[in-house]
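The listed protein sequences correspond, in order, to chains A and B.
Residue 20 is where the first sequence starts when you use our numbering, and the numbers rise one by one after that.
Residue 54 is where the second sequence starts when you use our numbering, and the numbers rise one by one after that.
Just so it is clear, CB atoms sit at the ideal spot from N, CA and C, and this is done for glycine as well.
A quick write-up on the structure given underneath.
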Amino acid sequence: MKKIQNRNLQVIILLLALLAVVSQPIFANSAAQEEPPYRYYFPLIFSKSAVPPAYFTTSWYMTPQNVSLTYQMGCQAGVQTVQIPGAQDSLVILDFGQPWGDGIQYGTLLLREPAYDLNSTNDIIIYTKNYINGYMACSDGVSKIDVGIGTTNFAYYINGVCSQASWYCTESRAYAHGGAWAEMVRTVYNWVISSGYGARVRVSGATDIELAWNYASISRKWVEGFDAHDNSQVIFYEYGTCDGCPTRLAPNNNPDLYYDWTFPNVHYVSWWAAPAWPIPEIYANSGINARQWAYLSKWGTEQGYSRMQFLSAFTQYQACLSSPGDTLCPLLDNTPQEAWYQLFSETNYWTQTALPAIPWMTDIDWP
Amino acid sequence: MKNKLLFALFGSLSVVVLILLLNMSQVRGANLPLQRTPAGVLAAQVQALQSSLQQVEDPQEKIVLQEKLEAQQFALNVQAAAQAQPTLSLEAVCANRVPVPQQTTLMEQGVLLVREDFLVPQGLKISNMFRGEMNGTVVEVYAGSVLDDPNQGLVILAIDSLGVWLKVLSPTAAGSLRIIEANELRLSLQTAAGDDARYFDIPAQQFVESLDQVVPAVELPVAKEVFADPCLGK
């Protein structure tokens, strides 16, 4: 009899422990806790999804100086997988700069490139292959990585007019560039597959769409061009901003944003377009960036769209460390963990936007 | 007796726990599906998309989600197919290396023009630049102003091989700066109005008052460690 009682006791304790482990963390809905950070209540033990990943990757601004060093950069990412115990799953973005074309080829102007030297999609293919080879040579043999080949929507506008020297000023160019970008991404991914790397490496596109940098009509065309040429095989990560977007602290369902940007446009380029996956810039220490994106997701759900699946917060902590004297950095240098918590808390502010996890963290740096 | 008491205690605790669990729907986020940590991010994305597909009613939204799902499913299939293959050896990976075209032409040195939007995305408006060598290392200096404050002149000192990127504001906010000439590693600059001379000393990393003012050089960081390439057996 005693044995049976002891066994019952053990079963109950086991059940309680199991319940605590598998349950989601719950945010209290008290009126006193309208704003994050929330106080956590039941269950007693948090499941893994409530905490950020144990590591973050380094994404890179590509410059004329580091573009030929992508093998080393990939190796560096690979070495990280050896130093951290267990198999990891991560994302890096290689930001190759603003879209450009010379009438024959498409590509970019690299960051910190002082002249107009085109960095063509053929060049980018070689640089990215080298990054991947470096990763494969130096990593632990089991971890996975998604390499996002990035560009932006930047063009130089003076008083709302695209500068004569700029290239990325028309919808037709944007559409063609988006298409060329998707084809380039597919080319590298096909090489990954034929090289036998497919179990551990994925290749995606990426774009930093900032509302203050270009018109929505042009930025949308890039997305449409990508979508039309992705063969439903590759995606892109949108690591941009929602400049001037409202938040739950100053709600507005029909905001007047930069140029011709509207909420439907921002939502389209970052989530509603089929290949788009958002990893927004969550730079601001104040938390406003996270509030803006969560609010956009909420707006989307109210229009009948599905909730935005944020896969990472994108930060510039390391870039700020290597840019002493930058006057904005003191306000915009969230660590990857801070950004992760901000985005996770904000998306979980509303039931309809809540995410069980944000799986990645990536932080950009200069060479 | 003691066991009975313990049993009663845990029994009542279980009831409390169950009541709390049943009331979870009143708590923010409580209607989220209970989910174990997924085996991989991709598999979790597929799962999330499938769940969203079941919830949305708009046919157009269904099409978009279906397309999103297709790309993720494609990658998942690629993973599965590759996992069925034998593990790649380091030799195979090294043999797959793609040669990077090396820069064969020497970079032009001196005072140079820059493209119109150079560093604009970083909030700077650059007028022109200087490129030269200091102890065998390429150094560059960009002169201009803060984009949103054209009155605040500045220079950027960039030594990429050493990871140096230093923004130095002009001592007086008298307009955007332009490099006029280089006297070895001391640059003569002028404001946009052309009426205010400035000098920037590259080794000292600061503005100085004249061409011949003596200032101590700043110690440069050490070069980055030599890269250990496993393909070269290092």
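Quickly, what does DSSP pair S4 (chain A) with across the bridge? List them, please. Examination of residue 4 (chain A) is not possible in this model, given that chain A is present from 20 through 386 alone.
The segment 143-156 of chain B: which residues have C-beta closer than 9 Å to a C-beta of chain A, in chain order? Those residues of the segment 143-156 of chain B placed with their C-beta closer than 9 Å to a C-beta in chain A are L143, A145, V146, C147, N149, R150, V151, P152, V153, P154, Q155 and Q156, ordered along the chain.
Within the same chain, show all residues whose beta-carbon is closer than 6 Å to that of I254 (chain A), passing over the 5 residues directly before and after it, in chain order. As a first step, residue 254 (chain A) is located in the first sequence; it is residue number 235 there, counting from the start. Correct list, in chain order: S223, P294 and W296.
Taking CB distances under 8 Å as the criterion, tell me whether V204 (chain A) reaches chain B. Within the first sequence, the letter at position 185 stands for residue 204 (chain A). No, V204 (chain A) does not count as interfacial toward chain B.
Run the CB neighbour count on E272 (chain B), radius 10 Å, all protein chains shown included, and call it buried at 16 or more, exposed below. Against the second sequence, residue 272 (chain B) aligns to sequence position 219. Classification of E272 (chain B): exposed, given that the 10 Å Cβ count is below 16.
Option in A:Y74, A:L350, A:A134 and A:P133 with minimal Cα separation from I307 (chain A): Here residue 307 (chain A) refers to the residue found at position 288 of the first sequence. Here the closest residue by C-alpha is A:L350.
Taking the alpha-carbon of Q356 (chain A) as reference, which of A:L374, A:T334 and A:L347 has the nearest alpha-carbon? As a first step, residue 356 (chain A) must be located in the first sequence, where it is residue number 337. Closest by alpha carbon: A:T334.
Could you name the residues that DSSP lists as bridge partners for M380 (chain A)? Indexing the first sequence from 1 puts residue 380 (chain A) at position 361. The partner list for M380 (chain A) (beta bridge, DSSP) reads A:A332.
Nearest residue (CA-CA) to Q243 (chain B), options B:M187, B:A257 and B:A227: The sequence position of residue 243 (chain B) within the second sequence is 190, counting from 1. Answer by Cα proximity: B:A227.
Extent of the continuous alpha helix (DSSP H) run through F363 (chain A): One-based indexing of the first sequence puts residue 363 (chain A) at position 344. Note, F363 (chain A): alpha helix (DSSP H), P355 to T366.
So, is S289 (chain A) buried or exposed, given that buried needs 16 or more other C-beta atoms within 10 angstroms? Taking the first residue of the first sequence as 1, we reach residue 289 (chain A) at position 270. Buried: at least 16 other Cβ atoms inside 10 Å.
Beta bridge counterpart(s) of D352 (chain A) as assigned by DSSP: Numbered from 1 along the first sequence, position 333 holds the residue referred to as residue 352 (chain A). In the DSSP output, where bridge partners are listed per residue, D352 (chain A) has none listed.
Just to confirm, is the Cβ distance from S185 (chain A) to D170 (chain B) under 8 Å? For the purposes of this step, residue 185 (chain A) is taken as the residue at position 166 of the first sequence. For the purposes of this step, residue 170 (chain B) is taken as the residue at position 117 of the second sequence. Yes; because the gap between Cβ atoms is below 8 Å, this pair is in contact.
For a cutoff of 8 Å on Cβ pairs, would you count S364 (chain A) as touching chain B? In the first sequence, residue 364 (chain A) corresponds to position 345, counting from 1. No, no contact with chain B.
Quick check on DSSP: helix, strand or coil for C94 (chain A)? For the purposes of this step, residue 94 (chain A) is taken as the residue at position 75 of the first sequence. Three-state result, C94 (chain A): helix.
Can you tell me whether L166 (chain B) is buried or exposed? The criterion is at least 16 other CB atoms within 10 Å of its CB, across all chains shown. For this step, residue 166 (chain B) is matched to residue 113 along the second sequence. Looking at its Cβ environment, which holds fewer than 16 other Cβ atoms inside 10 Å, L166 (chain B) is exposed.
Starting from N181 (chain B) and walking both ways along the beta strand (DSSP E), at which residues does that stretch end? The residue given as residue 181 (chain B) occupies position 128 in the second sequence. First-last of the beta strand (DSSP E) with N181 (chain B): L177 to M187.
For V275 (chain B), is the classification buried or exposed, using 16 other Cβ atoms within 10 angstroms of its Cβ as the cut-off for buried? Here the question's residue 275 (chain B) lines up with position 222 in the second sequence. Label assigned to V275 (chain B): exposed.
Using a C-beta to C-beta distance shorter than 9 Å, which residues of chain A count as neighbours of F253 (chain B)? Stepping through the second sequence from its first residue, residue 253 (chain B) is reached at position 200. Going along chain A, no residue has its Cβ under 9 Å from F253 (chain B), so there is no contact; the nearest lies around 14 Å.
Would L85 (chain B) pass as an interface residue toward chain A - the criterion being a Cβ-Cβ separation below 8 Å? In the second sequence, counting from the first residue as 1, residue 85 (chain B) sits at position 32. Annotation note: pLDDT 32 at L85 (chain B) (below 50); position unreliable, no value reported.
Can you list, in chain order, the residues of its chain whose CB lies under 6 Å from that of A9 (chain A), leaving out five sequence neighbours each side? Nothing can be reported for residue 9 (chain A): it is not among the residues displayed for chain A, which extend from 20 to 386.
Under 8 Å Cβ to Cβ from L95 (chain B), same chain only, skipping five residues before and after it: list those, please. Taking the first residue of the second sequence as 1, we reach residue 95 (chain B) at position 42. So the qualifying residues of the chain are Q125, A128, L129 and Q132.
Nearest chain B C-beta to T381 (chain A) closer than 8 Å, yes or no? Taking the first sequence and counting its residues from 1, the one referred to as residue 381 (chain A) is at position 362. For T381 (chain A), the closest Cβ of chain B is not nearer than 8 Å.
Drop a sphere of 10 angstroms on the beta-carbon of V267 (chain B), count the other beta-carbons inside from all chains shown, and report buried for 16 or more, exposed for fewer. As a working mapping, residue 267 (chain B) is identified with position 214 in the second sequence. Exposed is the call here.
What would DSSP say about G286 (chain B), mapped onto helix, strand or coil? Position 233 of the second sequence, counting from 1, holds the residue named residue 286 (chain B). Looking at G286 (chain B) - three-state DSSP - the assignment turns out to be coil, as it is neither helix nor strand.
Could you name the residues of chain A that Q138 (chain B) contacts, counting a contact when the two beta carbons are closer than 7 Å? Numbered from 1 along the second sequence, position 85 holds the residue referred to as residue 138 (chain B). At a beta-carbon threshold of 7 Å, the residues of chain A lying near Q138 (chain B) are G215, ordered along the chain.
Answer with buried or exposed for P118 (chain A), where buried requires no fewer than 16 other C-beta atoms within 10 angstroms of its C-beta. Looking up residue 118 (chain A) in the first sequence gives position 99. Counting Cβ neighbours within 10 Å, P118 (chain A) comes out buried, since at least 16 surround it.
Starting from N284 (chain A) and walking both ways along the alpha helix (DSSP H), at which residues does that stretch end? For the purposes of this step, residue 284 (chain A) is identified with residue 265 of the first sequence, where counting begins at 1. F282 to H286 is the span of the alpha helix (DSSP H), which, as asked, contains N284 (chain A).
Interface residues of the segment 249-273 of chain A facing chain B [CB-CB below 8 Å]: D249, S251, Q252, V253 and I254
By DSSP, does P274 (chain B) sit in helix, in strand, or in coil? The residue labelled residue 274 (chain B) in the question sits at position 221 within the second sequence. Coil.
Any chain B beta carbon closer than 8 Å to D387 (chain A): Not covered by the structure: residue 387 (chain A). The range shown for chain A is 20 to 386.
Whole-Å CB distance - L219 (chain B) paired with Q258 (chain B), under 8 Å assumed: The residue you call residue 219 (chain B) lines up with position 166 of the second sequence. The residue you call residue 258 (chain B) lines up with position 205 of the second sequence. Right, their Cβ atoms sit about 6 Å apart.
What's the gap between the Cα of F84 (chain A) and the Cα of E110 (chain B)? Numbered from its first residue, the first sequence carries residue 84 (chain A) at position 65. Numbered from its first residue, the second sequence carries residue 110 (chain B) at position 57. Going by the sequence as given, residue 84 (chain A) is Gln instead of Phe. If you take the alpha carbons of Q84 (chain A) and E110 (chain B), they lie about 50 Å apart.
Per DSSP, cross-strand counterpart(s) of R131 (chain A): Taking the first residue of the first sequence as position 1, residue 131 (chain A) is located at position 112. According to DSSP, which records beta bridges pairwise, R131 (chain A) is partnered with nothing at all.
Over the uninterrupted beta strand (DSSP E) stretch that includes S263 (chain B), give me the two end residues. Your numbering for residue 263 (chain B) matches position 210 in the second sequence. First-last for S263 (chain B): undefined, no H or E at that position.
So with Cβ pairs under 8 Å, would you call W291 (chain A) a contact of chain B? In the first sequence, the residue the question calls residue 291 (chain A) occupies position 272. Closer than 8 Å to some Cβ of chain B, the Cβ of W291 (chain A) qualifies, so yes.
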